[in-house]
Every structure is written in structure tokens, then in C-alpha cells.
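Reviewing the structure listed below.
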Amino acid sequence: MNGARASTAWVWAVSALAAAGAAFGLFRLHDLAFLDSDAAQYLSTARNLLAGHGASTDVLYYDEHYRFGTVPAPQTVFPPGLPLILAAALALGADPAQASALAGVAGFCVAGLLLAACLVRLGVTPWLVLLGVGTWFTLALAWINVLEGRSEAVYTAMTLASAAALVAPSPGRARLLAAGFFAAAALTIRYQAVFFLGALALWWFVVLLLRAEGPGRFRRAVTDGLALFVLPVGAALFIFGRNVVLLGAAGGGPLDTVQSGIGGIDLLRTGWWALSDLTGVSRRWVAEAGIGVWLLAAGLLLLSASAVFALRARRPMPARPEAAHARWSGLSLSVAYLAVSAAGLALLAATRAGAYLQGRFLVPFAPFAVIVWVALLDSWLRGVKGHIRMAAAIAVVLLHAGLLVAQVSVADRRLGDLRSDRRIDVIRAALNTPVDGHTLKDYLQQRVAARSPAFAEPAQHVWLLLDRPVLGAAAAGFSATRWTAGDLRRLQYCYGVEFLLFFPPLFDPALAHNANREIFADLARGEVASSLQTVVRTAQVELYRLEREEQGAQPECSAAKRTH
């Protein structure tokens with residue numbers, strides 16, 4: 004018993020050290036220039052929550068934002084959970100970049116510790132627990148998501164907290180309520196949590212209903228189900244009900260209105276690309292035949308050989324009975340979550356948009372794949388002895404070493420992409436352009452407000468630096484609107500837009516995702532509409548004032564109940 008406690012303490016010490024190292028590395032790397040457009044939406048919503056405007060945004064960008072005719076506009080594209088966390092950080096004095104870093108780093112590190120808790124409760128051998136935890140803390144795309152200010156890390160922590168509450172020989176009512184609470188919290192952070200709720204429903208049906216024993220088992224399963232689902236169902240009714248009231252549909256995001264699904268071989272190819280992006284194992288990486296490929300190949304070969312020899316020598320050695328029950332509970336939930344998520348993402352990609360299949364969307368599932376892999380591996384290793392067990396252990400280490408090398412490749416490539424993204428640097432430099440004795444930033448901050456927002460491209464990055472309401476035009480894959488000169492007049496009439504801000508180095512009219520941004524494509528070609536009065540025009544930035552048009556029909560400003 005003392006030996007087991009010492010091993011567990013050692014696992015926690017190393018896991019905490021890994022979390023501290025990851026936190027240090029992420030804080031050192033974090034930069035405002037790395038923040039993604041989604042981060043601007045989260046931070047804008049957080050600011051409006053603090054200001055008492057509710058879950059709303061003053062970065063109007065997606066078609067859904069323009070269906071209300073107001074600034075700020077109700078935020079339906081993203082649920083309010085992460086903005087609430089960011090609002091708390093902002094209220095404590097953090098600036099936007101610091102708030103984003105604190106939330107992301109905390110979510111990432113807590114997720115790693117919760118993964119360790121799940122594996123320990125499953126009765127997994129300590130060295131395999133650390134192998135699983137190390138896999139999470141060295142997952143390159145998880146780091147990138149944090150640096151970009153996305154919600155995946157916090158969401159993953161919530162789902163793992165829910166799972167950790169259920170990993171027990173017989174989860175009591177308090178554990179079920181806790182699991183439901185964290186599942187509800189996950190839904191407030193990402194709509195993707197509907198997959199986790201589906202997995203919880205399967206888990207309840209299999210573990211609490213079908214496997215229940217003794218008198219009154221059906222009534223006990225029903226009451227346990229109520230304890231588990233009362234909070235997440237309530238959260239779902241509130242979040243999706245709000246979307247129905249505001250938009251007339253439960254889905255609140257742009258991929259629900261712009262449908263361009265993929266099928267057949269394209270669906271399989273996109274799924275493979277997403278997995279390759281997550282793991283780093285791609286045809287190109289294999290073709291380079293680096294040290295990682297050889298480590299991976301050696302691990303697979305040795306593991307296969309060990310499995311063959313173990314078929315004859317296997318002697319089942321199950322874990323302790325209480326650990327076996329916990330293992331069944333944890334494995335069944337993890338497998339259900341992976342299966343429901345795979346089916347759900349494939350369905351969304353086929354019927355809505357191929358963008359649902361991206362490597363970053365797979366990051367929240369990685370810890371659950373680790374749970375399944377490590378728990379099954381531990382069960383298998385318990386049944387083999389001697390040289391076979393040693394060979395299998397070496398094979399596992401080689402396999403993970405190869406994957407670690409692949410992750411280094413992913414990190415190098417993705418960090419290079421972040422560092423080569425010039426948007427924030429170009430905008431920051433351009434905002435220092437002199438205008439009427441002021442910098443362009445000061446000039447705009449004195450004139451741009453909720454009643455007279457600016458129209459800009461790229462809008463969400465401009466908001467991060469200008470800290471004023473900004474309107475923008477979503478890319479073709481996320482918008483059904485073709486932004487023409489007529490839309491400028493609508494924005495002027497409906498929102499009081501007075502200024503148009505454009506950064507020529509950051510816009511390429513030849514790119515497919517810019518096909519619907521005709522206003523900016525014209526400017527990129529040097530074609531300035533007669534309704535635009537030049538204020539500043541340099542190679543880096545162009546600022547125009549919209550002249551008032553007194554004649555013509557008044558455009559429609561609000562279409563909250565209209566579907567596209």
C-alpha cells in the first residue's frame with residue numbers, strides 16, 4: 004500500500020512539474036500578434052459582459068451579427084462560457100492578451116492534470132500514466148490553440164473534469180451532479196459539447212442502466228440519470244433556445260448558414276489531413292525518412308512481434324476489482340465520446356462544411372484517445388511477463404518517441420506560420436501614420452464609437468489594436484453576403500459607419516476566400532468609389548470617409564427572423 008502511494012505521489016509530482024514547464028513555455032511564447040480572429044470575438048464579448056451589455060460583440064463580422072441592426076450585436080456564433088472566464092480576468096486588471104493567455108494556459112495545464120487523475124483512477128501503471136500525460140503536454144496543436152487564444156484547451160479541461168468525476172467503481176449522486184455540472188460548463192464554451200452529451204447518454208444507458216443489478220435498479224438508473232443530465236440539459240435549452248429566439252434556428256454559427264458539404268473520397272481525404280495535422284504523421288513526413296520515422300517504424304515492428312509472442316504466453320492479470328470497475332466506466336465513456344464525435348464531425352463535414360474537419364477540432368478528443376490507448380495497453384502488459392513484457396515496453400517508448408519527433412515537426416511548422424503572420428505588425432505600424440497632427444490610431448479612437456463604428460479589413464485584428472467597435476466582412480466560406488458598394492450605404496445608414504479602413508499588404512483579391520469581398524477587391528485594384536473621400540492613402544494603409552447620400556431608398560437594417 005505504501006509503495007502504491009509513493010508511486011502515485013511520484014506521478015503527481017512529475018505531472019505537476021510537466022504542467023509548470025508547459026505553463027512557463029506558453030507564457031514565454033504568448034504574444035498579441037498570435038491571437039486569432041476567434042480570440043477577438045471572445046474578448047469583445049467579455050468586454051460587453053463587463054459593460055452590462057450581455058453576451059454581445061462590437062466586432063460585427065459574420066452574417067449572424069448583422070441580423071439585428073445594432074452595435075453591440077448579440078453573440079450567437081460562440082457560446083458565452085469562455086468570455087465569462089475572460090471577463091473575470093479582465094475585471095482583475097489583466098489586459099486582453101494577458102486574459103487570453105491566463106485562460107488558455109490554465110485550461111491546458113488543468114487538462115493535463117485531470118488526464119493524470121483519470122489514468123490513476125483507472126489503475127494504470129505509473130510509467131504509462133506519465134507517458135499518457137506527456138503525450139498531452141507535448142501535443143503541438145494544443146499549444147498552438149492556446150497561443151491563438153482559442154477555446155479548445157478550456158473546453159478539454161471541462162470534459163476531462165466531467166469524465167474524472169465518473170471514473171469510479173460506482174459513481175454516487177454527488178459525482179453524477181459534478182459530472183453534469185462540468186458537462187454543462189463545456190457546452191457553454193463550445194457547441195461541440197453536444198457530442199460529449201451524446202457520449203454521456205450512451206454511458207448512462209450502458210453503465211447505469213444495462214449493467215445495473217439488484218432490486219429497484221431501473222428506478223435507481225433513472226434518478227441517477229436525472230442527477231447527471233439536469234444541468235447539461237438546462238444549459239442546452241438555454242443556449243440553443245436563445246439562438247432560436249434570436250435567429251430562428253438553434254445553430255448560431257456561420258457554418259450553419261453557409262453550407263458546402265463534402266462527400267466520398269474528399270471526406271476521407273479531409274479526415275486524413277486533419278489526423279495528419281494533429282499527429283504530424285503525414286506522407287511527406289514519412290517520405291523524408293527522418294529519425295522520427297525510424298523510431299515509429301521500430302516501435303510498431305517490435306510491438307507487433309511482442310503481440311505475436313504474447314499470444315501463447317499470455318496470463319491474464321486483471322487490475323484490482325475496484326480499479327476494474329473504474330476502468331470499465333472510464334473506457335466506455337472515452338470510447339463513446341470518440342465514436343460519437345467521429346460520426347458527428349463526419350456528418351457535419353458531409354452536410355454543412357468541410358471546415359468541421361480540422362486538426363485543431365480534434366485536439367479535445369486527444370486525451371480520451373490517450374485514455375483508451377494507455378488503459379488497453381496497461382491491461383495487455385499485465386498479462387505478459389519477462390522478455391516479452393520488456394520488449395513491449397521498449398516498443399511503446401520507441402513508438403511515442405517517434406510521435407514526439409513528429410510533434411516537433413508540427414510545432415516548428417505551425418510556430419513558423421504564426422511568426423510569419425504579419426497582420427498585427429502591419430496594422431500596429433500603420434496606426435502610427437500621422438493624420439492631422441495625431442497618429443491614425445488616436446484620430447480613429449476620437450471618432451469611432453458604438454454609434455459610428457469603423458468598417459475595416461481585417462476587422463477582428465483591427466479591433467484588437469484599436470479597441471473601438473469595428474465592422475467587417477466575413478470570408479466567402481463563412482458568409483453568404485457579397486460585400487458590394489451597396490452594402491457600404493447600408494452600413495452607413497444602419498450603423499452610422501463613417502470610416503473605411505483598409506490595409507493593402509494584407510489583402511489579396513486573387514484568393515478564393517476573398518471572392519465575396521468586392522469592396523476591398525476594388526480598393527486593392529486602385530478603384531475608389533466616388534462615395535469614398537480619401538483621408539489617408541499610403542502603401543500600408545488607406546482610410547476613407549463615407550460621404551452621405553441623401554437620395555435613394557432606405558435599406559433594411561434588421562432581419563433577425565429572416566433566414567438566408
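Going by the numbering used here, the sequence shown opens with residue 4, and the numbers climb by one from there. No residue lacks a Cβ here, since even glycine has one placed at the ideal position from N, Cα and C.
With fewer than 16 other Cβ atoms inside 10 Å of its own Cβ, alanine 513 counts as exposed. Annotated as distal: arginine 176 and leucine 169, with beta-carbon spacing of 8 Å or more.
With a cutoff of 8 Å on beta-carbon distance, phenylalanine 506 and alanine 433 are scored as near each other. In the three-state scheme derived from DSSP, where H, G and I count as helix and E and B as strand, proline 129 is classed as helix. Listed in chain order, the non-local C-beta contacts of alanine 188 below 7 Å within the same chain comprise Gly84, Met161, local neighbours out to five positions each way being set aside. Here leucine 535 is bridged, per DSSP, to Leu549. Beta-bridge annotation (DSSP): arginine 222 is not paired with any residue. Nearest to alanine 109 by C-alpha distance, out of Ser337, Arg493, Ala19, Ser344, is Ala19. Following the DSSP letters along the chain, one finds leucine 503 inside the beta strand (DSSP E) bounded by residues 502 to 505. For phenylalanine 185, the enclosing alpha helix (DSSP H) has its first and last residue at 176 to 192. Distance from the CA atom of isoleucine 374 to the CA atom of tyrosine 64, rounded to whole angstroms, is 39 Å. Per the C-alpha coordinates, the member of Arg431, Leu95, Ser412 positioned closest to glycine 283 is Ser412. As DSSP reads the structure, threonine 60 sits in a beta bridge with Ala76.
Between the alpha carbons of leucine 384 and threonine 48 lies a gap of roughly 49 Å.
Residue environment for alanine 515: exposed (fewer than 16 other C-beta atoms within 10 angstroms of its C-beta).
Beta-bridge pairing by DSSP links valine 438 to His441. With 16 or more neighbouring CB atoms inside 10 Å of its own CB, serine 103 falls in the buried class. Counting of Cβ neighbours within 10 angstroms places glutamine 536 among the exposed residues, the total staying below 16.
Taking C-beta atoms as the reference points, asparagine 517 and aspartate 525 fail to come closer than 8 Å. For glutamate 291, the enclosing alpha helix (DSSP H) covers residues 286 to 291. For phenylalanine 199, the three-state secondary structure derived from DSSP is helix. When secondary structure is reduced to three states using DSSP, alanine 100 falls in the helix class. Note that the C-beta distance between glycine 115 and valine 132 is not below 8 Å.
Between glycine 293 and alanine 398, the C-beta gap is not smaller than 8 Å, which leaves the two residues out of contact. Here aspartate 490 is near isoleucine 522, since their CB atoms are less than 8 Å apart. The Cβ atoms of valine 296 and glycine 405 lie closer than 8 Å to each other.
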